[in-house]
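> At position 181 of the sequence shown the residue is numbered 241 (my numbering), and the sequence of numbers has no breaks.
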Amino acid sequence: MLHVLIYSYDLVQQEYKPSHPFKPVRARLMAELLNRYGLISEENQRIIAPSLMDEELLYLFHTREYIELLKKAEEGEFTVEMLNAGLGTQDNPVFRAMYRYALATSSGTHEGAMMLNQGIARFVFNPFGGFHHAGKDHAEGFCYINDIAVAIADLIRKDQRVAYIDIDAHHGNGVQDAFYETDKVLCISLHESGETLYPGTGSEAEIGSKEGVGYNVNIPLRAGTDD
Numbered sequence: 061m062l063h064v065l066i067y068s069y070d071l072v073q074q075e076y077k078p079s080h081p082f083k084p085v086r087a088r089l090m091a092e093l094l095n096r097y098g099l100i101s102e103e104n105q106r107i108i109a110p111s112l113m114d115e116e117l118l119y120l121f122h123t124r125e126y127i128e129l130l131k132k133a134e135e136g137e138f139t140v141e142m143l144n145a146g147l148g149t150q151d152n153p154v155f156r157a158m159y160r161y162a163l164a165t166s167s168g169t170h171e172g173a174m175m176l177n178q179g180i181a182r183f184v185f186n187p188f189g190g191f192h193h194a195g196k197d198h199a200e201g202f203c204y205i206n207d208i209a210v211a212i213a214d215l216i217r218k219d220q221r222v223a224y225i226d227i228d229a230h231h232g233n234g235v236q237d238a239f240y241e242t243d244k245v246l247c248i249s250l251h252e253s254g255e256t257l258y259p260g261t262g263s264e265a266e267i268g269s270k271e272g273v274g275y276n277v278n279i280p281l282r283a284g285t286d287d
């Protein structure tokens, strides 16, 4: 089976705004290092540019109203509804090709998940993915489309059960909210405690509800925790 790196030159050219801390160009630097050290030259390794997925898949998690706001904001419109949906803030500025960028990054995660599900790949890494803060109807924490929630929702639709492990310093509140009441997804998150870091969620007491009780596991750590 294949080992796959999701990568697109077009995506690394994107920028939220010059002063924004999130820099897609880091993926290019990573790819250059992998190539320089000869780590992506094996016969079973592939570099794949994501194909845009069917927009209908977004609605497995996001609301249609929110996706329409993303499109209109990208086209230059701006309304109070967009601000209420988290768009146009310091964390989530409106920028050129914003919706297309978010759709493409989500497409990479979804394509990788489907390759794993179909037995085509054993390992897939999407350095452009991981937007775990976006909610079903709002942007948050640098995240516009929750690629993880969309991909997992499609796997569930295909009768799969999913173990999701999140090791970002920030708690993945968007993914937790998406699957908090289901036993189809085991969400495990190791992160800095919400007492000291955004988004303020992810306590060990958040264990899921209804059918999802016991399927949400948070391991909050003190600031500065190392290996």
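A virtual CB, placed ideally from N, CA and C, is assigned to each residue, including glycine.
Would you kindly work out how many angstroms separate the C-alpha atoms of N144 and Y126, rounded to a whole number?
Reading the sequence shown from its first residue, position 84 is the one you call residue 144. Reading the sequence shown from its first residue, position 66 is the one you call residue 126. The alpha-carbon atoms of N144 and Y126 are separated by roughly 10 Å.
> I need the boundaries of the beta strand (DSSP E) containing S249, first residue and last residue.
Position 189 of the sequence shown, counted from the start, is the residue given in the question as residue 249. Unbroken beta strand (DSSP E) run through S249: V245 to E252.
> Return yes when the C-beta of T285 is under 7 Å from any heavy atom of the ligand GDP, and no when it is not.
Absent from the structure shown: the ligand GDP. Ligands present: none.
> Given a cut-off of 8 Å, decide if Y161 and Q220 are closer than it, judged by their beta-carbon atoms.
In the sequence shown, the residue the question calls residue 220 occupies position 160. In the sequence shown, the residue the question calls residue 161 occupies position 101. Q220 places its beta carbon 8 Å or farther from that of Y161.
> Among the residues of its own chain, which have a CB less than 6 Å from the CB of Y67, if the five just before and after it don't count?
Residue mapping note: residue 67 aligns to position 7 of the sequence shown, counting from 1. The answer, listed in chain order, is A91 and I107.
> Select from V277, C203 and H251 the residue whose C-alpha is nearest the C-alpha of D223.
Here residue 223 refers to the residue found at position 163 of the sequence shown. Contrary to the premise, residue 223 reads as Ala rather than Asp in this sequence. Answer by Cα proximity: V277.
> Taking C-alpha atoms, which residue in G262, A109, A209 and N104 lies nearest to H63?
Residue numbering aside, residue 63 sits at position 3 when the sequence shown is read from its first letter. Ranking the options by Cα distance to H63, first place goes to N104.
> List the residues that DSSP assigns as beta-bridge partners of Y224.
As a first step, residue 224 must be located in the sequence shown, where it is residue number 164. DSSP, once it has assigned bridges, lists C247 as partnering Y224.
> Contact check, V235 vs D228 under 8 Å by CB: the rounded distance?
Sequence index remark: in the sequence shown, residue 235 carries index 175 (1-based). Sequence index remark: in the sequence shown, residue 228 carries index 168 (1-based). That belief does not hold up - the Cβ atoms of V235 and D228 are roughly 10 Å apart, past 8 Å.
> By the three-class DSSP mapping on this structure, what secondary structure does A199 have?
Along the sequence shown, one-based indexing puts residue 199 at 139. Residue state, collapsed to three classes: coil.
> For T123 and K132, what's the separation of their Cα atoms in angstroms?
Taking the first residue of the sequence shown as position 1, residue 123 is located at position 63. Taking the first residue of the sequence shown as position 1, residue 132 is located at position 72. Cα to Cα, the separation comes out at about 15 Å.
> Excluding the five sequence neighbours on either side, which residues of its own chain have a C-beta within less than 7 Å of the C-beta of E271, listed in chain order?
Your numbering for residue 271 matches position 211 in the sequence shown. These residues qualify, in order along the chain: E241, T242 and D243.
> Which two residues bound the contiguous alpha helix (DSSP H) that contains Q236?
For the purposes of this step, residue 236 is taken as residue 176 along the sequence shown, with counting starting at 1. Its alpha helix (DSSP H) spans residues N233 to A238.
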